[in-house]
Amino acid sequence: MVSCDPVGSLLQRTVSILTDLIPPCQVNESGKYVRDTSQLDEAKRKWQDEDIFQLSRNINVAFLAQCVLRDYVTSILDTLRANNDDWHLELGKEMKELGKRVERGRGNSVSCEFSVLYHWHAALSTADAKWMEDIFRAKYPDKSIEDIGVEDLLNLANDRTAELESIPRNEWTFGGLKRGPDGHFDDFQLAELIKDGIEEPAHAFGAHSVPVALKTIDKLGQLHARNVFQVCTMNEFRKYLNLKPFETFLDWNSNPEVAKAAEELYVHVDNLELYPGLLAEESKPHVPGSGLCPGHTIGRGLLADAVSLIRSDRFLTHDLNVSTLTSWGMSQLKPQPGAYGGLLSTVLFRTLPGAWSFNSTYGLFPFYTPSAIREIMHANKKEELYNFER
Numbered sequence: 001m002v003s004c005d006p007v008g009s010l011l012q013r014t015v016s017i018l019t020d021l022i023p024p025c026q027v028n029e030s031g032k033y034v035r036d037t038s039q040l041d042e043a044k045r046k047w048q049d050e051d052i053f054q055l056s057r058n059i060n061v062a063f064l065a066q067c068v069l070r071d072y073v074t075s076i077l078d079t080l081r082a083n084n085d086d087w088h089l090e091l092g093k094e095m096k097e098l099g100k101r102v103e104r105g106r107g108n109s110v111s112c113e114f115s116v117l118y119h120w121h122a123a124l125s126t127a128d129a130k131w132m133e134d135i136f137r138a139k140y141p142d143k144s145i146e147d148i149g150v151e152d153l154l155n156l157a158n159d160r161t162a163e164l165e166s167i168p169r170n171e172w173t174f175g176g177l178k179r180g181p182d183g184h185f186d187d188f189q190l191a192e193l194i195k196d197g198i199e200e201p202a203h204a205f206g207a208h209s210v211p212v213a214l215k216t217i218d219k220l221g222q223l224h225a226r227n228v229f230q231v232c233t234m235n236e237f238r239k240y241l242n243l244k245p246f247e248t249f250l251d252w253n254s255n256p257e258v259a260k261a262a263e264e265l266y267v268h269v270d271n272l273e274l275y276p277g278l279l280a281e282e283s284k285p286h287v288p289g290s291g292l293c294p295g296h297t298i299g300r301g302l303l304a305d306a307v308s309l310i311r312s313d314r315f316l317t318h319d320l321n322v323s324t325l326t327s328w329g330m331s332q333l334k335p336q337p338g339a340y341g342g343l344l345s346t347v348l349f350r351t352l353p354g355a356w357s358f359n360s361t362y363g364l365f366p367f368y369t370p371s372a373i374r375e376i377m378h379a380n381k382k383e384e385l386y387n388f389e390r
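Per the UniProt record's numbering, numbering of the sequence shown is gapless, rising by one per residue and ending at 390.
Structure (structure tokens):
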């Protein structure tokens, strides 16, 4: 869990870097910004400051969306094994179907079922599960992790919230890090946390895969889905995604023990709730085009959600151009050489330049463990081009 925090911190740094770069003349393409702000009255100075911030934010949002498509989705589909450094999803571009333009940039609404889709507790690494266990043990040293109940979890969350609210936000920290006098985290320590996370493989999806420390959180998630969201059933969700409904519990999971346990609870597969249905669905095999290997329903829903969210956003479709983001802003959306089209590496190299060599797989392929990326590059006959050392 902690390794996600430094990445978020670096994305915030990127906004500051972009904001600092925009005012100079080479970026001030339209000539609407004034370098010497002492020439401006208070109202114009505020307008320029806000306009520069909004431009840098829009560039960073576009950058993050490209990271999702070029790094995250690419890792889910495991396209690196195809040795194709040009292929990636371009969801914001104009598309035509039967000669007609496919609608884009018109806004979006997402059903609550897609919130349930992302409860990926089974995929947590061993280190992430231990992190959660350590938090519980610090609060309840005399209790077994298996005995932590809903009330215990809620008390812990309330105490942690109160603790954070008593501290100014610019003093919040994570992973045992300390801020410097200027409020920044140490670059080396941030890089070490990220590298620790890169070295930890994710756990497999499927039944009986959720860590014990997440049992209570899963229970709360299922109760929320059932009683608050009142979500549809597993088969109803599959119909919505144009997938064939399951006819038997063995269709859903071919493990006889898992299928029998579900059948005893729900009697008929049409009654199978969405939350356990998604979490315990049989995982896809590791074949070309399947790197994350969730259940087929999660995989289909994940891609549908990515398409919907990005194609419905005006800033990631119609406004993703040089007129809105400037030529310089669009040039920032180019991948780091050797990253197979990935863009998260650009964030890592820009914000922590001393943490990686130019060909470090830690910096270029942060979604792959060192052993996995070495195997892929060996198969792609490019192993000698990269540095696999930490």
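Cβ atoms here follow ideal geometry from the backbone N, Cα and C, with glycine treated the same way. This structure is a prediction, so every number in the text was calculated from the model and none was measured.
{"Item": "Three-state secondary structure (DSSP) of G175", "Value": "coil"}
{"Item": "Within-8 Å CB hit, Y140 to chain B", "Value": "Of the chains in the structure shown, none is chain B; there is only one protein chain."}
{"Item": "Cβ distance (whole Å) where A207 is taken to contact V269 below 8 Å", "Value": "With 8 Å as the limit, A207 and V269 do not qualify as a contact, their Cβ atoms being about 15 Å apart."}
{"Item": "Own chain, CB closer than 7 Å to D87, minus 5 neighbours either side, in chain order", "Value": "In the sequence under discussion, the amino acid at residue 87 is Trp, which differs from the Asp named in the question. Excluding positions up to five away in sequence, the list reads T79."}
{"Item": "Environment of R238 [buried if 16+ CB atoms lie within 10 Å]", "Value": "buried"}
{"Item": "Close beta carbons around N380, own chain, < 7 Å, minus the five adjacent residues each side", "Value": "N83"}
{"Item": "Coil, strand or helix - R35 by DSSP", "Value": "coil"}
{"Item": "C-alpha distance - R106 paired with L77, whole-angstrom precision", "Value": "27 Å"}
{"Item": "Bridge partner(s) assigned by DSSP for E273", "Value": "T233"}
{"Item": "CA-to-CA distance, V102 to N60, given in whole angstroms", "Value": "26 Å"}
{"Item": "Buried or exposed by the 16-neighbour rule on C-beta atoms within 10 Å, applied to G342", "Value": "buried"}
{"Item": "Option nearest W131 by Cα separation, candidates R169, D51 and A213", "Value": "A213"}
{"Item": "Rounded separation between L55 and I145 - CA only", "Value": "47 Å"}
{"Item": "Backbone CA spacing between L64 and S209 [nearest angstrom]", "Value": "30 Å"}
{"Item": "Rounded separation between F388 and G289 - CA only", "Value": "24 Å"}
{"Item": "Pick from N253, A202, F205 and F174 that is closest to L190, judged by C-alpha positions", "Value": "F174"}
{"Item": "D71 beta carbon less than 8 Å from that of F367", "Value": "yes"}
{"Item": "Alpha-carbon spacing of E29 relative to Y362, whole angstroms", "Value": "35 Å"}
{"Item": "Exposed unless 16 or more other CB atoms sit within 10 angstroms - verdict on I52", "Value": "buried"}
{"Item": "8 Å Cβ shell around S75 - same chain, five flanking residues per side excluded", "Value": "G291, L292, F367 and Y368"}
{"Item": "Distance, L153 Cα to I217 Cα", "Value": "8 Å"}
{"Item": "Stretch pair the segment 11 to 23 + the segment 341 to 361: three plus CB contacts closer than 8 Å", "Value": "yes"}
{"Item": "Cβ separation of Q66 and L333, assumed to be a contact under 8 Å, to the nearest whole Å", "Value": "5 Å"}
{"Item": "Residues that K331 bridges to, as DSSP identifies them", "Value": "One point to set straight first is that residue 331 is Ser, not Lys, in the sequence displayed. None, per the DSSP bridge assignment."}
{"Item": "Straight-line gap, N359 to L352 (C-alpha atoms, nearest Å)", "Value": "14 Å"}
{"Item": "Whole-number beta carbon distance between D196 and S331, since they are thought to touch under 8 Å", "Value": "Not confirmed; about 33 Å, so no contact."}
{"Item": "CB contact flag (V73, V231, <8 Å)", "Value": "no"}
{"Item": "Inter-residue spacing [alpha-carbon to alpha-carbon] between E383 and Q336", "Value": "18 Å"}
{"Item": "C-beta contact flag for L223 and T297 at 8 Å", "Value": "no"}
{"Item": "Straight-line Cα distance separating W328 from D36", "Value": "21 Å"}
{"Item": "Contact under 8 Å by Cβ, Q48 with V34", "Value": "yes"}
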